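In UniProt numbering, the protein residues as written are 1 to 241.
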Amino acid sequence: MSELNGAATAASDGKVLVWDAPVRVFHWLMVLCFAGAYLTAEQDGLRLLHVTLGYSMVGLVVFRLLWGVIGTRHARFTSFVRGPGKVLEYLKGLAQRKPAHYVGHNPAGALAIVAMLGLTLAIGVTGWTLFQDLGGDALEETHELLANLMVALVALHVAAVVVSSRLHRENLVAAMVTGRKRGTAGEAIRSAWRPLAVVLLAAVLGFGAVQWYDAPTGIAALSGKGEHAAGQVRHHEGDED
């Protein structure tokens, strides 16, 4: 969708294109990958799936970091990452039920996004280290703690989205599906970049397909541990039994 198309519809519904397709695909792939990785964490029989989803999340974060530098207007970090003062100001307005409206990410949401990106990388690094059989109980506990912190942060983020949606009378979840939010023609992005979103989706699905096609040597081969690597990351409660 072009900026002109977004401006043309803004007169009727007050909405313009804000989130490009790569940002939206990234968002929902992260949701699915994290949910899947968390739910399979305790299932030794699904270890390959757990690791594949975890590596996919790291790859997605790497893409988002790059896109946050060279991407469209509202995807760039410089457009939404703000200092502590702005975050506190927004939270104060939220507490008073009169939060400032932002076309892109609000300051509190931006802080949550940066934190989730950082947590994902930390979870990925600790998980990869465990999968190489290089860490002990302390690292395993750290990996689990980071994952639980992510769950808490996601829950807080979802709650904030619900509250903000009600106060602004704007469905922020739908906006991350359609890419459109309330704004002016001058705030619309020029293009949705759909081809890049297709490439991103294909890359993630392709990576997963390759691992399952090559199972049990897919991820295990990448780790250099062969078939034995699939059993390296286990919780020691089972070993004690």
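Positions of the beta carbon are idealized from the N, C-alpha and C atoms, including for glycine. Small disclaimer: the values here were computed from a predicted structure and weren't measured.
Length of the line joining the Cα atoms of residue i and residue j
i: Ala75; j: Ser191; result: 12 Å
i: Ala41; j: Lys98; result: 40 Å
i: Val199; j: Trp193; result: 10 Å
i: Val23; j: Ala188; result: 15 Å
i: His101; j: His168; result: 7 Å
i: Gly36; j: His50; result: 7 Å
i: Phe26; j: Leu201; result: 8 Å
i: Thr52; j: Gln96; result: 43 Å
i: Ile113; j: Pro107; result: 10 Å
i: Lys181; j: Ser165; result: 11 Å
i: Phe34; j: His157; result: 14 Å
i: Phe131; j: Gly93; result: 45 Å
i: Leu172; j: Val163; result: 10 Å
i: Thr126; j: Glu170; result: 38 Å
i: Gly186; j: Ala203; result: 33 Å
i: Leu139; j: Ala174; result: 38 Å
i: Ala155; j: Tyr213; result: 34 Å
i: Ala209; j: Leu48; result: 12 Å
i: Ala160; j: Ala115; result: 15 Å
i: Ala21; j: Trp128; result: 29 Å
8 Å Cβ shell around residue i - same chain, five flanking residues per side excluded
i: Ile123; result: Gly54, Met57, His143, Leu146, Ala147, Met150
i: Leu119; result: Leu146, Leu149, Met150, Leu153
i: Leu117; result: Val61, Arg64, Leu65
i: Phe207; result: Thr52, Tyr55, Ser56, Gly59
i: Val18; result: His74, Val103, Gly104, Ala175, Gly179, Arg180, Lys181, Gly183, Glu187, Ala188, Ile189
6 Å Cβ shell around residue i - same chain, five flanking residues per side excluded
i: Gly14; result: Arg182
i: residue 247; result: Examination of residue 247 is not possible in this model, given that the chain is present from 1 through 241 alone.
Beta-carbon proximity list for residue i, same chain, < 7 Å, skipping 5 on both sides
i: Ser79; result: Arg73, Gly104
i: Leu46; result: Thr40
The segment 87 to 101 / the segment 59 to 79 touching (three or more Cβ pairs under 8 Å): No, because fewer than three Cβ pairs between the segment 87 to 101 and the segment 59 to 79 fall closer than 8 Å, the two stretches do not touch.
3-residue-minimum beta strand (DSSP E) runs that sit fully inside the segment 2 to 85, ordered along the chain: Here the runs fully enclosed are 15 to 17.
Complete alpha helix (DSSP H) runs within the segment 134 to 216 (minimum length 4 residues, chain order): Runs of the alpha helix (DSSP H) inside the segment 134 to 216: 137 to 168, 172 to 178, 194 to 213.
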